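When the letters of the sequence shown are read in order and numbered with my numbering, they come out as residues -6 to 240.
Let me begin by presenting the structure, written as structure tokens, before commenting on it.
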Amino acid sequence: MNMAEKIAKMITESKKVSVLTGAGISTESGIPDFRSPGGLWQKFDPSLLSADMLQNDPKNFYRRGLQVLEQINAVKDVKPNKGHYVLANLQKEGKIHCIITQNVDGLHTKAGARDVIEVHGSLDKGFCVVCGKKYSFSHITSLVKEGKIPPLCSCGGLLRPDVVLFGDMLGPHYARAIAEVRKSNLLMVVGSSLEVAPVNHLPDLSSKLVIINREPTLFDRDAVLVWHQQAGKALSQIYDQVQKIAK
Ligand code: APR
-6 MNMAEKIAKM ITESKKVSVL TGAGISTESG IPDFRSPGGL WQKFDPSLLS ADMLQNDPKN
54 FYRRGLQVLE QINAVKDVKP NKGHYVLANL QKEGKIHCII TQNVDGLHTK AGARDVIEVH
114 GSLDKGFCVV CGKKYSFSHI TSLVKEGKIP PLCSCGGLLR PDVVLFGDML GPHYARAIAE
174 VRKSNLLMVV GSSLEVAPVN HLPDLSSKLV IINREPTLFD RDAVLVWHQQ AGKALSQIYD
234 QVQKIAK
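Here it is as structure tokens:
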């Protein structure tokens, strides 16, 4: 059996399958990841996207940190790729039950996935840190473009994007992800270096771990199967094998 056949067999034999994705599933849509050669953390200092920077130096956060988020948001008419569509279809067909993502690009939902757990938030929204009033991310970036740095709420409070910054506590989405993985017989990780806590604690909670990633990760030794392959290609082959088994 080849890798695709082995993973397809595991998926079809597992009662509950959760999937955890990272930036690697969106690179084939043109969005750079963070830690590959040429990734965002080779161009920008990660501390620019920290809660500490936002709190203590909001001008710097909005002058330089926002550029990182705009790199993700700026990809012109970015579209889901075949990896996103395969996961959405496997979810629709009841073969996978929960999609957890570290990505803030919204591409799983755009591909038709439902109830995606976005543990690092999503880039289309923002809110006021004082009164909690919600704003769109585009409203925040337009204030910045008008030179209103830092962007403020009508109440005078500081506006921030609704994404998890370094140093932020992870909210209820992460708690839900923990519960879902604990209930799963299989966790399939796709396109993540698994270098960032606490999300990289999820693989420890799964009874069986499969990793599909272009490069090795720190968790490869804990996985029952590791496939160093492009996400789109691997997921398409797995989907074809799942259809064969389902016949
Ligand atoms: N197919 C398969 N794997 C890929 C592909 C691809 N097309 N492109 C990149 N990869 C792999 C890379 O080899 C890398 O190991 O995806 C992984 C992406 O790792 P990171 O860039 O570290 O992204 P991620 O794991 O999602 O980072 C987690 O870190 O900076 C924070 O909040 C940010 O959510 C992000 C978190």
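In this text, a Cβ means the ideal position worked out from N, Cα and C, and glycines have one as well.
From a predicted model like this one, the values you see are computed outputs, not experimental measurements.
- Under DSSP, tryptophan 34 forms no beta bridge with any residue.
- Taking C-alpha positions only, aspartate 215 is separated from isoleucine 89 by approximately 21 Å.
- A check of alpha carbon separations from arginine 56 across Pro144, Leu13, Cys148 identifies Pro144 as the nearest.
- For valine 203, the Cβ stays outside the 6 Å cut-off from all heavy atoms of the ligand APR.
- Taking each of Cys148, Glu86, Val123 in turn and checking the Cα distance to alanine 106, the smallest one comes out for Glu86.
- Distance check between aspartate 155 and each of Ser147, His166, Val79 places His166 closest, using alpha-carbon atoms only.
- The ligand APR has no heavy atom closer than 6 Å to the beta-carbon of alanine 216.
- Under the criterion of beta carbons closer than 8 Å, proline 196 and leucine 202 qualify as touching, at roughly 5 Å.
- In terms of CA proximity to valine 12, Ile110 leads the group Lys141, Pro191, Ile110.
- The segment 2 to 10 makes contact with the segment 164 to 180, as at least three CB pairs between them are under 8 Å.
- Alanine 168 has its CB no nearer than 6 Å to any heavy atom of the ligand APR.
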